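The numbering of the sequence shown is numbering that gives the first Met the number 0, which starts it at 0 and goes up by one. Even for Gly, the Cβ is constructed at its ideal location relative to N, Cα and C. Owing to the predicted nature of the structure, the values given are computational and were not obtained by experimental measurement. Here is the structure we will look at, set down as structure tokens.
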Amino acid sequence: MIERVKFGVVVFPGSNCDHDAYYVCKKVMHQDAVFLWHKDADLQDVDVVILPGGFSYGDYLRCGAIARFSPIMKEVIRFAKDGGTVIGICNGFQILVEAGLLPGVLLRNASLRFVCKYVNLKVENVDTRFTSKCHPGEVLAIPIAHGDGNYFTDPETLATLEAKGQIVFRYSDIDGRITEEANPNGSMASIAGIVNEAGNVLGMMPHPERAADPLLRHMDGQKIFQSIINSSVPSTTSQALAAAGHTLIAAEGGRR
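Here is the structure:
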């Protein structure tokens with residue numbers, strides 16, 4: 000029997016991508032998944048925590064500033080510090096930086112406009128729990144939908160992120176070139192996603208859960224979920240799960 004990974008999707012007031020993330024984990028990737036309410040103090044023995052996109056607490060004060068103090072976040076912070084796998088998507092990324100689990104801040108988009116479209120992401124580091132199923136330099140097509148995705152940090156922290164391989168995704172063109180035109184929000188160094196120094200916490204502005212369902216015919220986001228699954232179960236089980244996932248991608252690819 001193949002061991003399943005148990006995902007916990009945190010639900011804050013104002014979350015609107017929680018059901019998307021749950022659906023992909025449960026119905027597309029065929030794993031176990033539960034919702035974790037923001038007032039809970041129990042992570043229900045999950046293997047992976049997802050902080051989904053949306054507008055937690057209406058994004059009052061700053062995006063993620065109030066959500067960071069939710070009761071569930073005490074447990075998420077403890078889980079992360081104990082080495083648990085955490086992924087924050089869009090508003091989830093904003094919550095992670097507010098909680099101090101990732102460095103930097105997410106500012107208003109340089110255009111001062113909400114941006115909703117597909118972007119190209121260049122995979123900069125494949126030696127992570129989140130990208131092991133990607134190839135070095137691979138370009139993924141994944142959508143964004145945010146008004147505050149402009150990543151910024153101080154020069155010293157940026158240098159550390161670069162030196163330690165913590166920049167996982169950058170905005171690029173379809174050929175993987177990092178250009179100003181390919182940067183949708185003015186993010187420093189075209190950063191789209193970073194991990195903490197330990198490598199168990201990822202924050203990213205693009206939405207992999209919106210590019211994972213075969214029905215949508217855009218499945219690059221599946222590679223991120225496959226990577227997480229692969230890192231969360233014993234090697235024999237992960238190989239079987241990965242093989243099943245690659246079969247699904249191959250079958251869908253034949254119809255593109």
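By a C-beta neighbour count over all protein chains shown, 10 Å radius and 16 as the cutoff for buried, is residue i buried or exposed?
| i | result |
| --- | --- |
| I190 | buried |
| R3 | buried |
| G99 | exposed |
| D219 | buried |
| L105 | buried |
| R216 | exposed |
| D81 | exposed |
| L214 | exposed |
| P102 | buried |
| F11 | buried |
Shorter than 8 Å from the beta carbon of residue i to some beta carbon of chain B?
| i | result |
| --- | --- |
| R112 | Looking for chain B here will not work: only one protein chain is present. |
Using the three-state DSSP reduction, which class does residue i fall into: helix, strand or coil?
| i | result |
| --- | --- |
| F11 | coil |
| C62 | coil |
| I76 | helix |
| H145 | strand |
| I223 | helix |
| R129 | It is worth fixing the name first, because residue 129 is Phe in this sequence and not Arg. It is coil, neither helix nor strand. |
| A162 | helix |
| E2 | coil |
| V138 | strand |
| G232 | Residue 232 is actually Val in this sequence, not Gly. Here V232 sits in coil by DSSP. |
| A191 | strand |
| F151 | strand |
Does the beta-carbon of residue i, which I'm using as the reference point, lie nearer than 7 Å to any heavy atom of the ligand GDP?
| i | result |
| --- | --- |
| A210 | Among the ligands in the structure shown, none appear at all, so the ligand GDP cannot be discussed. |
Under the DSSP definition of a beta bridge, which residues are partnered with residue i?
| i | result |
| --- | --- |
| V122 | F168 |
| V85 | V48, V200 |
| Y22 | Bridge partners of Y22: none, in fact. |
| V33 | G7 |
| V96 | Bridge partners of V96: none, in fact. |
| K116 | I143 |
Taking just the CA atoms, how far does residue j sit from residue i?
| i | j | result |
| --- | --- | --- |
| P154 | V47 | 31 Å |
| K5 | I49 | 11 Å |
| I166 | W36 | 30 Å |
| I86 | V200 | 6 Å |
| I223 | K132 | 7 Å |
Counting beta carbon pairs with one atom in the segment 179-189 and one in the segment 108-126, are three or more of them shorter than 8 Å? At 8 Å Cβ cutoff, the stretches touch.
Mind the definition here: the segment 155-175 touches the segment 54-62 only if three or more C-beta pairs lie below 8 Å; say whether that holds. Taking 8 Å as the limit for Cβ pairs, the verdict is that the segment 54-62 does not touch the segment 155-175.
Inter-stretch contact (C-beta, 8 Å, three-pair minimum) for the segment 67-77 and the segment 29-41: Output reads yes: the segment 29-41 touches the segment 67-77.
Any contact of the segment 13-31 with the segment 115-126, i.e. 3+ C-beta pairs under 8 Å? Contact fails: fewer than three Cβ-Cβ distances are below 8 Å.
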